[in-house]
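> Dropping the structure in here first, questions after.
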Amino acid sequence: MDGIDSARGRTAAGGIAQQERPTDAAQARAVQERSAPLVRHEAVDAGAVSLVAGLDVAYSADDDRLAAAAVVLAAPEWRPVDSATVVSCPRFPYVPGLFAFREAPALLDAVAQLRTAPDVLVCDGFGLAHPRRFGLACHVGLALEAPVLGVGKTPFVGRAAEPASERGSWTPLVDGGEPVGRCLRTRAGIKPVYVSVGHRIDLDSATELTLRAAPHYRVPEPVRRADRLCRERLAAC
DNA sequence: GCGACAG
DNA sequence: ATCTTGTCGC
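Under the UniProt record's numbering, the first residue of the first sequence carries the number 1, and numbering increases by one thereafter.
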């Protein structure tokens, strides 16, 4: 019924193509191209959201292992309520635009281990702000059939004007003439982040939730915690 | 053709 | 992503 259950193996309506494991870049791009139309935009009441999961991956410096972490925090204080980590090896090389094929499998495994189903998930990366409009947050969203948004730290596709310096101001991120996300200032006078829709959320809701989840730091709390956890997990083995 | 290119 | 400590500033 919800995203956690689908990650445990039940078949989700739209989560078919995302779980495919293409062997080469051409196949991977084809998967993204035919999956992109499945992304849905839905209004989410950011103020009513209670449980938010942050997802991130860390890579080992010496071997080829990676650690994925999923951390569930509760609004409005963002206290940790659940978390899970997975250590594995990437099954796909790093190719800009295709890194979901490296990270999504491990991230989905981590999410499947959670005992608490989050209302929304936040990925460290992009959703629709992607060359084929199907970045990591879309892969995760379709696989779980759950609300997911992406928050990137550096621009990937598109262009955006510099948002005003106060927290909360944003400018549209435009690529190929279409709005694919937003350049959002989460902290006054500090470099902005890039927000985009992953699945089952709309851009207004994603922007509002990102701001709410980032009350003190540039990066949303759930993603910060996931970032920290996967590093620790990698260091501990 | 060339450069740029989420993590 | 990762290689990397202390340090300048609010």
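Yeah, the Cβ is synthetic: ideal placement off N, Cα and C, and Gly gets one too. Note that the structure is a prediction, hence the values are computed from the model and not measured.
Is it true that the CB of Thr-186 sits closer than 9 Å to the CB of Leu-211?
Yes, Cβ-Cβ distance for Leu-211 and Thr-186 is below 9 Å.
> Classify Val-193 as helix, strand or coil using the three-state DSSP reduction.
Strand at Val-193.
> Using the rule of at least 16 other Cβ atoms within 10 Å of the residue's Cβ for burial, across every protein chain shown, is Asp-227 buried or exposed?
Buried: at least 16 other Cβ atoms inside 10 Å.
> Bridge partners of His-199, per DSSP?
DSSP output for His-199 lists Val-148 as bridge partner(s).
> Take Pro-192 and list the residues in its own chain whose beta-carbon comes closer than 6 Å to its own, dropping the five residues that flank it on each side.
Answer for Pro-192: Pro-163, Cys-183, Leu-184, Arg-185, listed in chain order.
> Round the Cβ separation of Pro-131 and His-199 to the nearest angstrom and send it over; I've been treating them as touching at under 8 Å.
The pair is not a contact, with the Cβ atoms about 18 Å apart (cut-off 8 Å).
> Would you call the stretch 144 to 158 and the stretch 116 to 135 touching, i.e. three or more CB-CB distances under 8 Å?
At 8 Å Cβ cutoff, the stretches touch.
> Should the stretch 204 to 223 be called in touch with the stretch 60 to 77, which here means at least 3 C-beta pairs below 8 Å?
With a cut-off of 8 Å, the stretch 60 to 77 and the stretch 204 to 223 count as touching, because enough Cβ pairs lie within range.
> Return helix, strand or coil for Asp-24, following the three-state DSSP convention.
Asp-24 falls in the coil class under three-state DSSP.
> Taking all protein chains shown into account, do 16 or more other C-beta atoms lie within 10 angstroms of the C-beta of Gln-32, making it buried, or fewer, making it exposed?
Buried: at least 16 other Cβ atoms inside 10 Å.
> So Val-197 packs on His-41, CB below 8 Å; how close in whole Å?
The pair is a contact, with the Cβ atoms about 6 Å apart (cut-off 8 Å).
> Would you check if the distance between the CB atom of Leu-55 and the CB atom of Ala-110 is smaller than 9 Å?
Against a cut-off of 9 Å, the Cβ pair of Ala-110 and Leu-55 comes out as a contact.
> Measure from the alpha carbon of Gly-158 to the alpha carbon of each residue in Ala-214, Val-180, Arg-167, Leu-114, then state which is nearest.
Among Ala-214, Val-180, Arg-167, Leu-114, the Cα nearest to that of Gly-158 belongs to Val-180.
> Per DSSP, what kind of secondary structure is Tyr-217 in: helix, strand or coil?
Looking at Tyr-217 - three-state DSSP - the assignment turns out to be coil, as it is neither helix nor strand.
> Relative to the C-alpha of Tyr-94, which candidate in Tyr-59, Val-174, Gly-152, Asp-82 has its C-alpha closest?
That would be Tyr-59, whose Cα lies nearest to the Cα of Tyr-94.
> Could you check which residue in Cys-138, Pro-90, Arg-65, Ala-61 has the C-alpha nearest to that of Arg-34?
If we check each option's Cα against that of Arg-34, Cys-138 comes out closest.
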